[in-house]
DNA sequence: TAGTTATATAGCAATTTTGCTAATTGTCAA
DNA sequence: TTGACAATTAGCAAAATTGCTATATAACTA
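Chains as they are written, first to last, in my numbering: chain A, 1 to 106; chain B, 1001 to 1106.
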């Protein structure tokens, strides 16, 4: 399992949270990605950077932090690095947060 | 509802997370608090500071951030400020995180 | 009133975070 | 091989975070 410290830090930033939202429904914003299917393969770093209007190196670091947290997987294919969510890690984190803090949800 | 940015930031620190854990079971660590019942009234700032071995002003700021996030309530009684969890806010946050990121837990 | 205790606020320093540009690496196409 | 594009890495600056001490405020006690 991933480092919890990395995970809480990874979610302490609005851009990274939004990346995770975007990667849940890639077709809504990245249907025009032609090099690979956004759903099957993932979304490349440059596209994410463009979406937020931030530089590609800055997005690359956000991705690195999300990878370290285990929340996304990134696979290199030819020139591109395709990012996709790791649903297992996200579910594990949500479960950990709830039980670790003993949060009683409705 | 509380500011989500304040909430994610509030949880991005191990001390603050641990404060929330401690306040869930106050008797385990603060049974010796004599000025008020830890469960009924809450735990005072100085006790929390001592528990972590950090200064009182530093703990005071951690508490301020947790209050801003809505995760704890603090009531002044005589000399003391007693802190207790806001279970509703914590549950709301956990639900928001899950649904906002569309996390499918087991 | 003077001293003690609990808290909050102000101000500072060290560290971390977050953005950028520049430079490097890797892949592909002429 | 050269040029392009995508990504990463390095290095820098601005901002935010986190700790501290000193000080102020509030409540109590002798």
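For glycine and all other residues, C-beta sits at the position ideal for the given N, C-alpha and C. Since the structure is predicted, the reported quantities are computational estimates derived from the model, not experimental observations.
- Between residue 1086 of chain B and residue 1073 of chain B, the C-beta spacing is below 8 Å.
- The beta carbon of residue 6 of chain A is closer than 7 Å to those of 68 and 69 in its chain, skipping five residues each way along the sequence.
- According to the DSSP assignment, residue 1104 of chain B belongs to no beta strand (DSSP E), since it is labelled neither H nor E.
- For residue 1035 of chain B, there is no enclosing beta strand (DSSP E), as DSSP gives it neither H nor E.
- Using beta-carbon distances, residue 1061 of chain B does not count as an interface residue toward chain A, since no partner is under 8 Å.
- Just so you know, the alpha carbons of residue 1064 of chain B and residue 29 of chain A end up roughly 38 Å apart.
- Not a single C-beta of chain B is nearer than 8 Å to the C-beta of residue 43 of chain A.
- Rounded to the nearest whole angstrom, the CA to CA distance from residue 79 of chain A to residue 46 of chain A is 11 Å.
- In this structure, residue 59 of chain A lies away from residue 66 of chain A, with their beta-carbon atoms at least 8 Å apart.
- Of all residues in the region 1081-1097 of chain B, only 1087, 1090, 1091, 1094, 1095 and 1097 come within less than 7 Å of chain A when Cβ atoms are compared, listed by chain position.
- The beta carbon of residue 1008 of chain B falls within 8 Å of a beta carbon belonging to chain A, placing the residue at that interface.
- Annotation: residue 81 of chain A is outside any alpha helix (DSSP H); the continuous beta strand (DSSP E) that includes it extends over 80-85.
- Residue state for residue 76 of chain A is assigned as strand, using DSSP reduced to three classes.
- When 7 Å is used as the limit between beta carbons, residue 103 of chain A is near these residues of chain B: 1090, 1091 and 1094, in chain order.
- Put simply, the backbone Cα of residue 1106 of chain B is about 15 Å away from that of residue 1097 of chain B.
- The residues 1026, 1027, 1030 and 1031, in chain order, have a CB closer than 8 Å to that of residue 1038 of chain B in the same chain once the five nearest residues on each side in sequence are set aside.
- With contacts defined by Cβ atoms closer than 8 Å, residue 19 of chain A and residue 82 of chain A do not form a contacting pair.
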